[in-house]
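In the numbering used here, the protein residues as written are 5 to 162.
Here it is as C-alpha coordinates:
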(Lines of atoms letter the chains of each structure in order from A; the text may use other names.)
(Lines give C-alpha, C1' and ligand atoms only; values in the text may rest on other atoms or scores of the structure.)
Protein backbone atom coordinates (compact mmCIF):
# COMPACT_ATOMS: atom_id res chain seq x y z
CA UNK A 5 0.00 0.00 0.00
CA UNK A 6 1.77 3.12 -1.21
CA UNK A 7 0.94 6.81 -1.40
CA UNK A 8 2.47 8.87 -4.16
CA UNK A 9 2.04 12.60 -4.65
CA UNK A 10 2.43 14.33 -7.99
CA UNK A 11 1.74 17.73 -9.47
CA UNK A 12 -1.65 17.90 -11.15
CA UNK A 13 -1.39 18.35 -14.89
CA UNK A 14 -3.55 19.02 -17.91
CA UNK A 15 -6.04 16.18 -18.17
CA UNK A 16 -6.55 15.96 -14.39
CA UNK A 17 -9.57 18.30 -14.45
CA UNK A 18 -12.09 15.46 -14.00
CA UNK A 19 -10.05 14.06 -11.09
CA UNK A 20 -9.95 17.42 -9.29
CA UNK A 21 -13.62 17.98 -10.05
CA UNK A 22 -14.64 14.66 -8.47
CA UNK A 23 -12.50 15.16 -5.39
CA UNK A 24 -13.48 18.75 -4.72
CA UNK A 25 -17.13 17.93 -5.35
CA UNK A 26 -16.82 15.24 -2.66
CA UNK A 27 -15.35 17.86 -0.33
CA UNK A 28 -18.28 20.19 -1.02
CA UNK A 29 -20.69 17.36 -0.18
CA UNK A 30 -18.75 16.57 3.00
CA UNK A 31 -18.98 20.25 4.01
CA UNK A 32 -22.70 20.46 3.18
CA UNK A 33 -21.95 22.94 0.41
CA UNK A 34 -22.94 20.92 -2.64
CA UNK A 35 -25.40 23.64 -3.76
CA UNK A 36 -22.50 26.08 -3.98
CA UNK A 37 -20.37 23.70 -6.03
CA UNK A 38 -20.75 24.90 -9.61
CA UNK A 39 -17.28 24.13 -11.00
CA UNK A 40 -16.97 21.97 -14.07
CA UNK A 41 -14.05 19.72 -15.02
CA UNK A 42 -13.22 22.23 -17.78
CA UNK A 43 -12.74 24.95 -15.15
CA UNK A 44 -9.94 22.95 -13.57
CA UNK A 45 -8.44 22.24 -16.98
CA UNK A 46 -8.15 25.98 -17.63
CA UNK A 47 -5.93 26.56 -14.62
CA UNK A 48 -4.01 23.30 -15.07
CA UNK A 49 -3.16 24.31 -18.64
CA UNK A 50 -1.99 27.82 -17.74
CA UNK A 51 1.83 27.92 -17.57
CA UNK A 52 1.65 31.24 -15.67
CA UNK A 53 -0.99 30.23 -13.14
CA UNK A 54 -0.78 31.65 -9.64
CA UNK A 55 -2.31 28.46 -8.30
CA UNK A 56 -1.57 24.79 -8.43
CA UNK A 57 -2.72 21.37 -7.38
CA UNK A 58 -1.28 18.11 -6.19
CA UNK A 59 -2.83 14.69 -6.71
CA UNK A 60 -2.36 11.86 -4.24
CA UNK A 61 -2.53 8.31 -5.52
CA UNK A 62 -3.06 5.20 -3.46
CA UNK A 63 -1.52 2.24 -5.28
CA UNK A 64 -1.82 4.17 -8.54
CA UNK A 65 -5.46 5.22 -8.06
CA UNK A 66 -6.36 8.89 -7.60
CA UNK A 67 -7.34 9.24 -3.95
CA UNK A 68 -6.96 12.87 -2.92
CA UNK A 69 -5.83 16.33 -3.90
CA UNK A 70 -4.60 19.61 -2.52
CA UNK A 71 -5.13 22.94 -4.24
CA UNK A 72 -3.20 26.09 -3.42
CA UNK A 73 -2.53 29.59 -4.63
CA UNK A 74 0.24 32.11 -4.25
CA UNK A 75 -0.44 34.84 -1.76
CA UNK A 76 1.36 37.70 -0.09
CA UNK A 77 1.29 38.63 3.57
CA UNK A 78 1.89 42.31 4.11
CA UNK A 79 2.77 41.91 7.80
CA UNK A 80 5.78 39.77 6.91
CA UNK A 81 6.48 41.30 3.51
CA UNK A 82 6.87 37.97 1.70
CA UNK A 83 5.09 35.59 -0.56
CA UNK A 84 3.11 32.83 1.12
CA UNK A 85 0.94 29.97 -0.05
CA UNK A 86 -2.77 29.76 0.62
CA UNK A 87 -3.97 26.17 0.85
CA UNK A 88 -7.42 26.28 -0.68
CA UNK A 89 -8.42 22.67 -0.11
CA UNK A 90 -7.27 19.21 0.83
CA UNK A 91 -9.74 16.55 -0.24
CA UNK A 92 -9.52 12.79 0.18
CA UNK A 93 -12.15 10.52 -1.32
CA UNK A 94 -14.12 8.60 1.35
CA UNK A 95 -12.77 5.17 0.37
CA UNK A 96 -9.22 6.39 1.00
CA UNK A 97 -9.60 8.23 4.27
CA UNK A 98 -7.57 7.24 7.35
CA UNK A 99 -4.67 5.99 5.26
CA UNK A 100 -2.34 8.97 5.78
CA UNK A 101 -3.21 10.63 2.47
CA UNK A 102 -4.21 14.02 3.94
CA UNK A 103 -1.00 14.10 5.95
CA UNK A 104 1.02 13.19 2.85
CA UNK A 105 -0.65 16.01 0.92
CA UNK A 106 -0.04 18.50 3.73
CA UNK A 107 3.64 17.48 3.84
CA UNK A 108 3.90 17.84 0.06
CA UNK A 109 2.42 21.35 0.25
CA UNK A 110 4.92 22.21 3.00
CA UNK A 111 7.82 20.91 0.86
CA UNK A 112 6.57 22.97 -2.08
CA UNK A 113 6.34 26.09 0.10
CA UNK A 114 9.90 25.58 1.36
CA UNK A 115 11.18 25.01 -2.21
CA UNK A 116 9.46 28.24 -3.31
CA UNK A 117 10.89 30.08 -0.29
CA UNK A 118 7.38 30.97 0.85
CA UNK A 119 7.29 32.35 4.38
CA UNK A 120 4.19 30.40 5.41
CA UNK A 121 1.26 28.27 4.35
CA UNK A 122 -2.16 29.36 5.60
CA UNK A 123 -5.71 28.13 5.13
CA UNK A 124 -9.25 28.35 6.42
CA UNK A 125 -10.46 25.68 8.83
CA UNK A 126 -14.19 25.25 9.33
CA UNK A 127 -14.90 25.54 13.05
CA UNK A 128 -16.96 22.34 13.12
CA UNK A 129 -14.23 20.23 11.51
CA UNK A 130 -12.57 18.83 14.63
CA UNK A 131 -11.05 15.92 12.69
CA UNK A 132 -9.19 18.29 10.38
CA UNK A 133 -8.17 20.44 13.35
CA UNK A 134 -6.56 17.40 15.00
CA UNK A 135 -4.73 16.56 11.79
CA UNK A 136 -3.38 20.09 11.36
CA UNK A 137 -2.36 20.53 14.98
CA UNK A 138 -0.69 17.09 15.01
CA UNK A 139 1.43 18.33 12.10
CA UNK A 140 2.48 21.55 13.83
CA UNK A 141 -0.08 24.04 12.54
CA UNK A 142 -1.26 26.88 14.73
CA UNK A 143 -5.05 27.19 14.72
CA UNK A 144 -6.04 30.74 15.60
CA UNK A 145 -9.22 31.51 17.48
CA UNK A 146 -11.30 34.56 16.74
CA UNK A 147 -10.78 34.86 13.01
CA UNK A 148 -13.63 34.42 10.60
CA UNK A 149 -13.90 33.97 6.88
CA UNK A 150 -15.47 36.82 4.89
CA UNK A 151 -16.70 36.59 1.32
CA UNK A 152 -18.26 38.91 -1.26
CA UNK A 153 -19.97 37.11 -4.13
CA UNK A 154 -22.96 37.15 -6.43
CA UNK A 155 -25.27 40.17 -6.22
CA UNK A 156 -23.42 41.65 -3.23
CA UNK A 157 -20.15 41.64 -5.18
CA UNK A 158 -21.81 43.19 -8.22
CA UNK A 159 -23.53 45.82 -6.09
CA UNK A 160 -20.34 46.85 -4.33
CA UNK A 161 -18.40 46.97 -7.60
CA UNK A 162 -20.89 49.32 -9.25
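Virtual Cβ for every residue (Gly too), placed ideally from N, Cα, C. Computed from a predicted structure; not experimentally measured.
Which residues in the same chain have their Cβ closer than 6 Å to the Cβ of residue i, if we skip the five residues on either side of it in sequence?
i           : result
residue 108 : 9 and 58
DSSP on residue i, reduced to helix/strand/coil?
i           : result
residue 80  : coil
residue 143 : coil
residue 38  : coil
Count the other C-beta atoms from every protein chain shown that fall within 10 angstroms of the C-beta of residue i, then say buried if there are 16 or more, exposed otherwise.
i           : result
residue 52  : exposed
residue 16  : buried
residue 86  : buried
residue 155 : exposed
residue 27  : buried
Could you pull out every residue in the same chain whose Cβ sits closer than 7 Å to the Cβ of residue i, ignoring the five residues on either side in sequence?
i           : result
residue 152 : 160
residue 135 : 102 and 103
residue 106 : 90 and 139
residue 93  : 23, 26, 67 and 68
Where do the ends of the alpha helix (DSSP H) carrying residue i lie?
i           : result
residue 11  : Premise fails: residue 11 lies in the beta strand (DSSP E), 7-11, not in any alpha helix (DSSP H).
residue 17  : 17-30
residue 54  : Premise fails: residue 54 is in no alpha helix (DSSP H) and is neither H nor E.
residue 111 : 101-115
residue 160 : 154-161
Kindly list the residues whose CB is nearer than 8 Å to the CB of residue i, restricted to its own chain and excluding five residues on each side of it in sequence; keep chain order.
i           : result
residue 19  : 12, 59, 66 and 69
residue 149 : 124
residue 63  : 5 and 6
With contact counted as at least three CB pairs below 8 Å, one residue from each stretch, are the stretch 124-142 and the stretch 35-44 in contact?
no
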